[in-house]
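Trainee: Here it is, the structure, as structure tokens.
Residue numbers (our numbering): -19 to 227.
See below:
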């Protein structure tokens, strides 16, 4: 038990260090030229840090899940789902970029398993939250199901237009960044005079940042389609316009 406790302390230290790195660099790819050297290099640093945070976050939930205390067990379930949500979002952003030449549906497990986990886990978390009357669990479950369903739709249907991958990349990485900022706020909850699982502490940052991501995505969607059509509409932009759009 002492050895396991020491190992989990190491995992927690790695988790905190990776979280600090992701928090420090996440804004750089957002504001630099898309596809440029800085965007790509710092972007990969963020992806590596985000992946480390997600994996160590899951491992850190093991002591909570193996504890007989019902509160700690429910906390472990929730935090494990948050880790899956964060990891799946970053993975979706990366895969959208790596498969930008895709012209048909994808049936690859690497693309379908993460959103399936989001949907299935979200349904289970919603049932738990409803049974225990925990609004926070239900809200995050709904968020995960919506994101998982959207990702499944992206992979199981042909791209709506030639730059659909870019909007998907933005959505995935933007969602991952939102979880990074939210995690920072939650970790410092006591400094704000709030409890760690205060609903406002989780919901407000996500709501504000999600609105910003939605507006940013719609801005690029209009430029990509050449009109005010939704992101899923057929492209009307000229092929030569892509270099000006992604900048």
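For every residue, glycine included, the Cβ atom is placed at its ideal position computed from N, Cα and C. All figures in this text were calculated on a predicted structure; none of them were measured in a lab.
Counting only runs that start and end within the region 37 to 104, where is the alpha helix (DSSP H) found for 4 or more residues in a row?
Mentor: Listed in chain order, the complete alpha helix (DSSP H) runs (minimum 4 residues) inside the region 37 to 104 are 42 to 45 and 50 to 78.
Trainee: Under a three-way DSSP split, which group does residue 131 fall into?
Mentor: In this structure, residue 131 counts as helix in the three-state DSSP scheme.
Trainee: My understanding is that residue 65 touches residue 124, with C-beta atoms under 8 Å, so please give their C-beta distance in whole angstroms.
Mentor: About 5 Å separates the two Cβ atoms, so the contact holds.
Trainee: Tell me, please, whether the region 96 to 103 touches the region 122 to 139 by the rule of three or more beta-carbon pairs shorter than 8 Å.
Mentor: Touching, yes, given that three or more Cβ pairs across the two stretches are closer than 8 Å.
Trainee: With distances taken between CB atoms, is the gap from residue 32 to residue -2 smaller than 7 Å?
Mentor: Yes.
Trainee: Can you name the start and end residues of the alpha helix (DSSP H) that residue 2 belongs to?
Mentor: -18 to 5 is the span of the alpha helix (DSSP H), which, as asked, contains residue 2.
Trainee: How should residue 199 be labelled, buried or exposed, when 16 other C-beta atoms within 10 angstroms of its C-beta is the threshold for buried?
Mentor: That one is exposed.
Trainee: Tell me the residue span of the alpha helix (DSSP H) that contains residue 158.
Mentor: Unbroken alpha helix (DSSP H) run through residue 158: 144 to 167.
Trainee: Is it true that the region 84 to 92 meets the region 108 to 117, where meeting means three or more beta-carbon pairs spaced less than 8 Å apart?
Mentor: Taking 8 Å as the limit for Cβ pairs, the verdict is that the region 108 to 117 does not touch the region 84 to 92.
Trainee: Helix, strand or coil: how does DSSP classify residue 113 here?
Mentor: Of the three classes helix, strand and coil, the one that applies to residue 113 here is coil, per DSSP.
Trainee: Shortest alpha-carbon distance to residue 129 belongs to which of 169, 184 and 72?
Mentor: Residue 129 has its Cα closest to that of 72, out of 169, 184 and 72.
Trainee: For residue 176, which of helix, strand or coil comes out of DSSP?
Mentor: If DSSP states are grouped into helix, strand and coil, residue 176 belongs with coil.
Trainee: To which residues of the same chain is residue 278 closer than 7 Å at the C-beta, ignoring the five residues directly before and after it?
Mentor: Outside the displayed range of the chain (-19 to 227) lies residue 278, so it cannot be described from this structure.
Trainee: Exposed or buried, what is residue 163 when buried is set at 16 or more other beta-carbons lying within 10 Å of its beta-carbon?
Mentor: Under this definition residue 163 is a buried residue.
Trainee: Determine, using beta carbons only, whether residue 156 and residue 69 come nearer to each other than 7 Å.
Mentor: Cβ distance < 7 Å, so residue 156 and residue 69 count as in contact.
Trainee: Taking 8 Å as the limit between beta carbons, can you name the residues of its chain near residue 5, skipping five residues before and five after?
Mentor: Answer for residue 5: 22, 25, 26 and 29, listed in chain order.
Trainee: Give the secondary structure of residue 18 by DSSP, where H, G and I count as helix, E and B as strand, and everything else as coil.
Mentor: Helix.
Trainee: Counting C-beta neighbours from all protein chains within 10 Å, is the total for residue 223 16 or more, i.e. buried, or is it exposed?
Mentor: Because residue 223 sits at a pLDDT of 36, beneath the cut-off of 50, its placement in the model cannot be relied upon, and the point is left open.
Trainee: How about residue 95 and residue 38: do their beta carbons lie closer than 7 Å?
Mentor: No, these two residues do not count as a Cβ contact at 7 Å.
Trainee: Enumerate in chain order the residues of its own chain whose CB-to-CB distance from residue -16 is below 6 Å, with the five nearest sequence positions on each side excluded.
Mentor: Taken in chain order, the list of residues that qualify is empty.
Trainee: Shorter than 6 Å, the distance from the beta carbon of residue 13 to the closest heavy atom of the ligand PLP, or not?
Mentor: The model on display carries no ligand, and the ligand PLP is accordingly not part of it.
Trainee: Between which residues of its own chain and residue 77 is the CB-CB distance below 7 Å, once the five residues before and five after are set aside?
Mentor: These residues qualify, in order along the chain: 145 and 149.
Trainee: With residue 169 and residue 176 assumed to form a contact (beta carbons below 8 Å), what rounded beta-carbon distance in angstroms separates them?
Mentor: So it is a contact: roughly 5 Å between Cβ atoms.
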